[in-house]
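Presented below is the structure to which this report refers.
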Amino acid sequence: MNIQWFPGHMAKTRRLLTENLNLVDVVVELLDARIPASSKNPEIDSIVKNKPRLIVLNKSDMADPEISKDWASWYKSKGMHVIFADSIKGKGMNQLKNQLKVMMKDKFERDKQKGRIFRPIRIMIVGIPNVGKSTFINNIAKRAVTQTGDKPGVTKGKQWIRLNPEIEMLDTPGILWPKFNDQNTALNLAFTGAINDDIYDVTEVAAQLAERLSKDYPGLLAERYKLEDENRKGYRLLELAGAKRGCILPGGEIDLRRIAVVMLDEFRGGKIGDITLERPIWTEVEQKHEENRP
Ligand code: G4P
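Adding 1187 to a residue's 1-based position in the sequence shown gives its number in our numbering.
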């Protein structure tokens, strides 16, 4: 299978993002904790440039806690701070606020010495579709001290949500386009629902997911779909799961498409288990350094 994806309006999106970037101090980049590498838009670095950036691994409630620890060490080894969030429950929000203050401390200290009047730290959220931007913003907004109205000098319609006296967030997120040059990344994005189901064969994608899970997380599919033997090819796993779930066509054949939709849906909703589909890739030097860390 070959998933092809040609996102339109890339130039326009880039321009919009750059415009909003000029209004903020820190960019908060939301990634999916289950696929931290695949959910990253590779062009974000060239868009954000030197603007301070904070990484939030969202949906961490559905990720594998052991692999999340590995990702945290990996980001740390690169000098990057990462926050694990659950935007539905609001986990990670306090950490976010604290870390933003740490990041901006020096700049605000310098401003103060120059006699500049205090102003809140301004942030914006960016991420690919479905990573949880709206949920994250809504959750913060609910807890926010106030929603500030339009401000002079800010494009009409833009609202700032005041998180506390020191931090304001732009209420419109920057939507990045998912991008991939390899099929593994494409599949990870398809599994998690970051790319639209219309552009690929749902049954094929679910079969690939089933096979991946049976290898990487033995026992989970068996438990969820009451399978006796999980050690099968993807399509066979779909058939077995379909039979157990009563996904049968009028002629008696298994309705593969139906069970495919069910499985993808359950995976995306975290019902199959706490699963992370990719691990950080350490270079040999990084690994040695990490092992020698006191
Ligand atoms: P977006 O703005 O980046 O496009 O994403 P959005 O907030 O719409 O979130 C996409 C889906 O992910 C939503 O599910 C939302 O509830 C879920 N979600 C967001 N953050 C988290 C999180 O931290 N943990 C968990 N478990 N789920 C999260 P949905 O309403 O079912 O939408 P859909 O997937 O059916 O479109």
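Every residue gets a Cβ at the ideal spot worked out from N, C-alpha and C, and that includes glycine. Since the structure is predicted, the reported quantities are computational estimates derived from the model, not experimental observations.
Please go through the same chain and pick out, in chain order, the residues whose beta-carbon is closer than 7 Å to the beta-carbon of residue 1395, but skip the five residues on each side of it. Cβ within range, chain order: 1374 and 1421.
Taking C-beta to C-beta, are residue 1350 and residue 1284 nearer than 8 Å? Contact: yes.
Alpha-carbon to alpha-carbon, residue 1218 and residue 1399: Distance between the alpha carbons of residue 1399 and residue 1218: 21 Å.
Who pairs with residue 1218 in a beta bridge, going by DSSP? Per DSSP, 1244.
To the nearest angstrom, how far is it from the Cα of residue 1295 to the Cα of residue 1266? Roughly 21 Å separates the two Cα atoms.
Hey, would you say residue 1216 sits closer than 8 Å to residue 1313, going by beta carbons? Less than 8 Å divides the Cβ of residue 1216 from the Cβ of residue 1313.
Counting Cβ pairs closer than 8 Å, one from the segment 1301-1311 and one from the segment 1252-1267, do we hit at least three? Fewer than three Cβ pairs drawn from the segment 1301-1311 and the segment 1252-1267 lie within less than 8 Å of each other, which leaves the two stretches out of contact.
Identify, in the order they occur along the chain, each residue of the same chain with its Cβ nearer than 6 Å to the Cβ of residue 1426, setting aside the five sequence neighbours on each side. If we look at residue 1426 and ignore the five residues flanking it on each side, its Cβ neighbours are 1441.
Going by Cα to Cα distance, which pick from 1213, 1255, 1279 and 1445 is closest to residue 1221? It is 1255.
Take residue 1279 as the anchor and find which of 1423, 1324, 1376 and 1207 has the nearest alpha-carbon. It is 1324.
Only counting the same chain, and skipping five residues up and downstream in sequence, which positions put a Cβ closer than 8 Å to that of residue 1318? Within its own chain, the residues whose Cβ lies closer than 8 Å to the Cβ of residue 1318, once the five positions on either side in sequence are excluded, are 1217, 1218, 1219, 1226, 1245, 1246 and 1381, listed in chain order.
Have a look at residue 1287 and residue 1409 and give me their C-alpha separation to the nearest angstrom. Going from the Cα of residue 1287 to the Cα of residue 1409 covers about 43 Å.
Verify whether the separation of the beta carbon atoms of residue 1234 and residue 1205 is less than 8 Å. Note that the C-beta distance between residue 1234 and residue 1205 is below 8 Å.
List the whole-angstrom C-beta distance separating residue 1461 from residue 1250, where the pair is believed to meet the contact cut-off of C-beta under 8 Å. Taking 8 Å as the upper bound for CB-CB distance, residue 1461 and residue 1250 are in contact here, some 6 Å apart.
Residue 1271, DSSP secondary structure in three states: Residue state for residue 1271 is assigned as strand, using DSSP reduced to three classes.
In or out: residue 1305 buried (at least 16 other Cβ within 10 Å) or exposed? Per the 10 Å Cβ criterion, exposed.
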